[in-house]
Structures are given as structure tokens and as C-alpha cells.
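Asks:
Structure (C-alpha cells):
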């Protein structure tokens, strides 16, 4: 059945879109997280925090444009249905992203006495974007139904995702800073880990309860056997993270990348779980990826470009992270 | 006010705010490359200082462009789901290629361009600057291709009410695309040249006597004086192309109601769509016929040809198109006057001899490119109405069913945010110019010892 382009093209695009969302959540997750942590630091330390994301944030947000772009171009009907249903939170997220993006630039250029104001805007924008994204995740999991219960659930997910992002921000700081700021980041990471746990637990527990189809997918044999590693690995990662953070900082700064990688691993596991639950639907329980897909000839045209360009993007993203590897330093000025 | 008109205002506000920043980054990317290469060739440090100043303006403008661009990618779904449902098969790949080939290129290499000069070899830094400039221009290429396709669609067929591409070459290089692309790239160049000339003039007024300001002021004025006639020529060719493919837009631009020969070029009029006539007219006899047909008695299309027997109006609202077009042309003429006067003054007296009044005028013209760009886009976009895609999809049929109060509240939110950000942007440009002009003489806050990533090592 997968030799028919009308069947495999939508599948490939769903996979690409999922990948873009996952990369976005991990990458922009850490820089939104740092945006929220900024408020916890005194003004003289903020430049150091923000310099760890300076070269990356533009490219990180581009993954969101790619994800929404793929939804738009590959599943235009779903794009309309989902974004119309999430109209309010999408607008709030965009306000947040605009505010933090411009605050990032303005804070470095305005007269000194106005800098604190833009720091506040940077925090507020980051927090608003994170909370809005969590809320949208919640409503999506609830099948885009809006009522008192789903809103309450989504608010819990919103808070959890914001804290989880700040965990990723702290883990990034552990990797990119040293000295007193790194010590603070270790504390923040330990305090923020619960956000990741709560978010994973809430989404995992709620998803099968919303739909009988998803419940059956998770509980039938033999699926349950090869799905079992998902929760087991997640639990192991959480316990491992908690214990590892207690051992930081280590001599010679060994293992500074581990919390970030383990955090990213948890996001990956959560993502796999969700992808398994919702497949083949792009609009939960309403539109499958095949019902919502664009015409095969259009998908084919984009796929040719994507196959050529995505490795290049991966290449220069890797180049950028290599050029700016190591601790963020104050030499990073132009 | 229903959600159709509110959605239109919101989309218009979003895209107007967005286009301001690409208008700057498209050409400024190439100008930065010029600075970078002249530094490499001549070894003169003034080019490095010019680069350091303008790269800050670039970073700030780029940041605003990115965040407002993200907003655009959501607007289609939140407010115009009918657009992608009907023409998604054509628009999708164009937008997809914009993100894949352009957006990532710009954003990916911007980090190296802004922060990498101490970390990468010189050739890689130059390459990053080239790739960022290529990225901004490619981005314009894809977006202009899509916009032009919406104006003059070709290379598609309709199957079951949905557009399917039959020839991607015809979709991309549709009839109005080359004209619009050339017109927009030149518009970006003019916007940047006037911004550079304006802020350089401002710095001289602030007492800045540095050599880089002399170089940028002179270079920008001369380049503007050379390019503005080219832009006027391209604009005229674009107009003739519109006459061929969208005559109703030309009719609205000219304020001409009845098709006929020997039409005047209206310098000013008050078009009244209710009475279907102009309440007041000042014109040059035969002017429109001459410009559009290059004939004394050339026939000029009239708006009344675009009203159906049932009374449905299939031409754009006249007054906004008529006035926006005049604002654009008027601003272009002003730019011609200022840049030629500047070139003449430079030739006679040199930069040191530029009178204060001229520096003030040039400063006042810093954002003249923005006015012309917006007026031009309003002319062509409102001029496309009532169609979203000419002859294929009506704007009113694409709007989302989101409740009016919801759209009203997001519209107020966006407008407030944009006004605040525009004020902050302009104030920051002036502040950057003043800080550069006064150099070390401005007292620095002693706590400000950590150089933030985007400040130069002073």
C-alpha cells in the first residue's frame, strides 16, 4: 500500500513535521527557558545568561516556522482547523515570541536605564510563549475540545511545560557557563525537573482516557510489550537525571552536557508516545493525515526540495553549534 | 465591523509591519558585504567601523523581521483557512521553499555573521555574510513569486474546486513576477540607501566627523541618485504589465471610471464610489493616455467595465488605491529631488561643504523608503480586491469563521504591540547613531562592564 504516492507522501510529511516540532521544542525550549530564568538573576549576570543563546535563537525559532509551514503546505485543511480552534492561544504565543525576540535585540542597544525594562519584556515574552504552547498541547491532547475540564487540564500542562522549558534552559546553562552561574543553574535544574515529570505524567495519563481508540492502542497485546520500554526508560531517565544533578559540578567540568541530553531524551520519549497515540490522525479523531493532505504532485515538489535542503540545514546547524561550542565567553562580540 | 473586515485589517497590519524589516535587511545584507569586502581590499579601518555600526541595525531589523514573519505563517490558518484549502497546492510549495531555502539560510548563518568574527577564519565570516544576503534575497524571490501568482495566476488547473499546479515554471515566473521582484528589490535598495544617508547625516549634525560617516553619506547619496531613475523606469514597466493583466487596478490607480481615449493624468481628485465619479479633478490632459499607451489618444480602461449586470462590483475600492499610488509616486519624486540635489552639492562642495539644511532634509528622509514601500504595496494589494487570487478566489470566501470579538481583541493587541515596537525601533536607531557620534564621550554606566553580545569592543 505504501507504493502509492498518495499514501506514502502524507506519511513522510507527517514524519518530517513531527521531527520539526520535536527539534523546535528541544531547541527553542532551552532558549525560552533561559528567557524565564533571566528574572531570577541580578541584572549584572543577565548578559552572560543571554549570551549563551545569542548565536542560536533565530535559527531555533525557524524550526517553528518549518513545523507550521509543513502543516500549512502538506495538511492545509488541518492547518485551518487546528489554528482556528487554537486562535486565542496562538495569538498569545505570537505576542510572546514577538516580545521576547525584539527584547533580545533592544536590551543590548537601548540606553542603560531602559535595559531593565526590556529584560522584563524578555522574561514576560518567553513565559507567555511557553505557557501558550503548553496550553495548546493540552487542548490538542483533549481533541481540541474546549470546556471547563479540558481548560483546567491544559492549564496544568501549560505550567508544566513552562517549568520543563526552564529545566532545559538550566541544563543548557550548565553546559555553557561556569562558576557561580553554573552552580545556580544546577539548583534551577533540580528544582525544574518536576515540570518535565508532571508534563509527561499528565499527558501520558490523559491521552488514553480521552479516546477509546488510543486506550486500545496502548493496552492491546502485543503492542503493550514493545511499548513498555517507553515508560520504563522515562522513569530511568528521570531518576538518573535527579541523581546525576546531585553530583554536579564534577572535576574538570565532566558531564556538563549530560543533563541537557537526558532532558532532550525525555522530550523525545514523550514525543514518541504522543506520535504513537495520535497516528494516523493529524486533527485528533477527526482528520487523518491522508484526509488532510495536499495533492501528491505538490507534496512531491516540496519533498524534492526538502530532501536536498534538510541535510544542508543539518550541516550548517551543526557548523554553528561547533563554532560556538564550549563556554559562552565575553569574546563573543563583533 | 464583521470578522471579514477585521481579519483584513489584521492581516494588513501584520504584513505591513513585517515588510518594513525585510525592506531593510534585503539590501542591507548586500551593503554589509560591500563594507566587509572594501575593508578586506583596502585595509582601511573605516569600513570595519561602518560594518560594525550597520550590522547592529541589521541584527535589530532581522530580529523584528523574524518574529513578525513567524506571525505571518500562522495568520493563513487562523484567519484565512480558505486560502490554503483552495490554492494550497500552489501556495504550499512556494512557501515551503521559502522556509527551506531562505529562512533557514539566513537564520543559520546570522549567528556566525554576528558573533563569529573572533571564532571563525575571515573567509568563513565573509561567506556567512554572503549567505545571509543570499538568504534574504531568496526569501524575497519566493514570497514575490507567490504574491505575483495571486495577482496574475498561471500554470494551474482547477480540479474539484481546488487549484493544482500544471507547470511550476509558469507558476513561479508568472507574468507579473519579474516586474514585481525587480521593483521590490530596488525599493529595498532605495529604503536602505536613504536610511544610511539619513542616519549618516544625523551623525554629522551631531558633530560626528569620523571618516566612515563621510564615506557612507557620500556613497548612499550617489547610489540613490543613480538608482532612483532605474526604479522609476522599472515602476513604469510594472505599471504597463499591470495594464495588460489587471486593467481594473490601473483604472483605480488612475481614478478613471469610463473606458475611453485621450484620458488626463489626474494629479489630484476625490473619487466617489457611491456616485461613480470624481468630485474634484486636477489633471494633465492626455497624460494617462500618453503614459499608459504611449499615444496621444490612447484608450485607458475604466472602472465601469468591472460591474456586472447584477450590480456586483468586481473592481477594487477606488479611493485607497488612487491615493496610495499617489503617495508612492510622490515619495519617489521627493527621493529623486533629494538624491540629485545631494549629488550636485557633493560634486560642487564635497561632504564637508554640505549645508546644514540639506543634512536636516536628508535626516528627515531616513524612513522615506518605508512610506513608499507601504504605499506601493497598498496600491497593488488593495488593487487586487475583491479577489484574493485574481479570478479564482474571492477574499470574502477565504475568511475563517472565528468570532468577531475574538478577531477584534487580537487586532487591538497586534496594533498596540506594533506601535510600541515601531517607536522603540526608531528611538533605538537614533540612540545608536548618537552613541556612535559621541563615541567615548558619553558617560558609560560603570556596572555596564559586561559587553552584551551585540555591542562592539570599544
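Residue numbers (the working numbering), protein chains in the order written: chain A, 1 to 334; chain B, 1001 to 1458. In this text, a Cβ means the ideal position worked out from N, Cα and C, and glycines have one as well.
#1: If the cut-off is 9 Å on Cβ atoms, which residues from the region 171-192 of chain A count as contacting chain B, listed in chain order?
#2: Distance, Cα to Cα, residue 1176(B) vs residue 1241(B)?
#3: What do you get for residue 251(A), buried or exposed, if any count of 16 or more other CB atoms within 10 angstroms of its CB means buried?
#4: Just the C-alpha distance for residue 1281(B) and residue 1412(B), rounded to the nearest angstrom, thanks.
#5: Alpha carbon to alpha carbon, what distance is there between residue 144(A) and residue 1448(B)?
#6: When you compare the region 1409-1427 of chain B with the region 1176-1191 of chain B, are there three or more beta-carbon pairs, one atom per stretch, that lie closer than 8 Å?
#7: Mind pulling the chain A residues with CB within less than 7 Å of residue 1107(B)?
#8: Would you say residue 1085(B) faces chain A, with C-beta separation under 7 Å as the test?
#9: Closer than 8 Å by C-beta to residue 1126(B): which residues in its own chain qualify, once you throw out the five before and the five after it? Chain order, please.
#10: From residue 1227(B) to residue 1300(B), what does the alpha carbon distance come to, in whole angstroms?
#11: Can residue 237(A) and residue 266(A) be called in contact, C-beta distance under 7 Å?
#12: Threshold first: 4 residues or longer. Then list the alpha helix (DSSP H) segments lying entirely within the region 1323-1401 of chain B, N to C.
#13: Which residues in the same chain have their Cβ closer than 7 Å to the Cβ of residue 1157(B), if we skip the five residues on either side of it in sequence?
#14: What three-state label does DSSP hand residue 980(B) in the structure shown?
#15: Could you tell me the alpha carbon to alpha carbon distance between residue 186(A) and residue 39(A), rounded to whole angstroms?
#16: If we define contact as Cβ-Cβ less than 7 Å, is residue 1147(B) a contact residue for chain A?
#17: Give the residues of chain A in contact with residue 1168(B), contact being defined as C-beta atoms less than 9 Å apart.
#18: How many angstroms separate the CA atom of residue 59(A) from the CA atom of residue 310(A)?
#19: Figure out for me which residue from 1077(B), 1212(B), 1248(B), 1173(B) has the closest Cα to the Cα of residue 1315(B).
#20: Whole angstroms is fine: what's the gap from residue 115(A)'s alpha carbon to residue 308(A)'s?
#21: For residue 1283(B), does the three-state DSSP call read helix, strand or coil?
#22: Chain A beta carbons: is any one of them nearer than 7 Å to that of residue 1067(B)?
#23: Measuring CA to CA, which of 1090(B), 1426(B), 1238(B), 1396(B) is closest to residue 1155(B)?
#24: So what's residue 83(A) in DSSP terms, helix, strand or just coil?
#25: Give me, in chain order, the residues of the same chain whose beta-carbon lies closer than 8 Å to that of residue 1426(B); leave out the 5 immediate sequence neighbours on both sides.
#26: Does the beta carbon of residue 87(A) come closer than 7 Å to any beta carbon on chain B?
#27: I want to verify the contact list: residues of chain B whose CB lies under 7 Å from the CB of residue 106(A), in sequence order.
#28: On the three-state DSSP scale, how would you describe residue 95(A)?
#29: Please list, in chain order, all residues of the same chain as residue 342(A) whose beta carbon is under 7 Å from its beta carbon, the five residues on each side excluded.
#30: Quick check for students: name the residue ranges of the beta strand (DSSP E) that lie wholly in the region 268-303 of chain A, counting only runs of 3 or more.
#31: Check whether the region 46-60 of chain A touches the region 1100-1119 of chain B, counting contact only when three or more Cβ pairs, one atom from each stretch, lie closer than 8 Å.
#32: Alpha carbon to alpha carbon, how far is residue 1063(B) from residue 43(A)? Give it in angstroms, no decimals.
#33: If you drop the 5 nearest sequence neighbours on each side, which residues of the same chain put their C-beta closer than 6 Å to that of residue 1340(B)?
#34: Of the residues 241(A), 263(A), 88(A), which one's Cα is nearest the Cα of residue 1409(B)?
#35: In three-state terms, what does DSSP make of residue 1455(B)?
#36: Between the C-alpha atoms of residue 117(A) and residue 1009(B), what's the straight-line distance to the nearest angstrom?
Replies: With the structure as the only source:
#1: none
#2: 7 Å
#3: exposed
#4: 37 Å
#5: Residue confidence is low: residue 1448(B) scores 37 on pLDDT, short of 50, so the model does not pin down where it sits. No coordinate-derived value is stated.
#6: no
#7: 58, 59, 62
#8: yes
#9: 1033, 1036, 1037, 1040
#10: 29 Å
#11: yes
#12: 1356-1364, 1368-1382
#13: 1164, 1166
#14: This structure cannot speak to residue 980(B), because chain B is shown only from 1001 to 1458.
#15: 16 Å
#16: no
#17: 301
#18: 13 Å
#19: 1248(B)
#20: 43 Å
#21: strand
#22: yes
#23: 1090(B)
#24: helix
#25: 1367
#26: yes
#27: 1424, 1428
#28: helix
#29: The question about residue 342(A) has no answer here: the residues shown for chain A are numbered 1 through 334.
#30: 281-283
#31: yes
#32: 22 Å
#33: 1225
#34: 88(A)
#35: Because residue 1455(B) carries a pLDDT of 40, less than 50, the predicted location of this residue cannot be relied on, and the following value inherits that uncertainty. Three-state DSSP puts residue 1455(B) in coil, outside helix and strand.
#36: 30 Å
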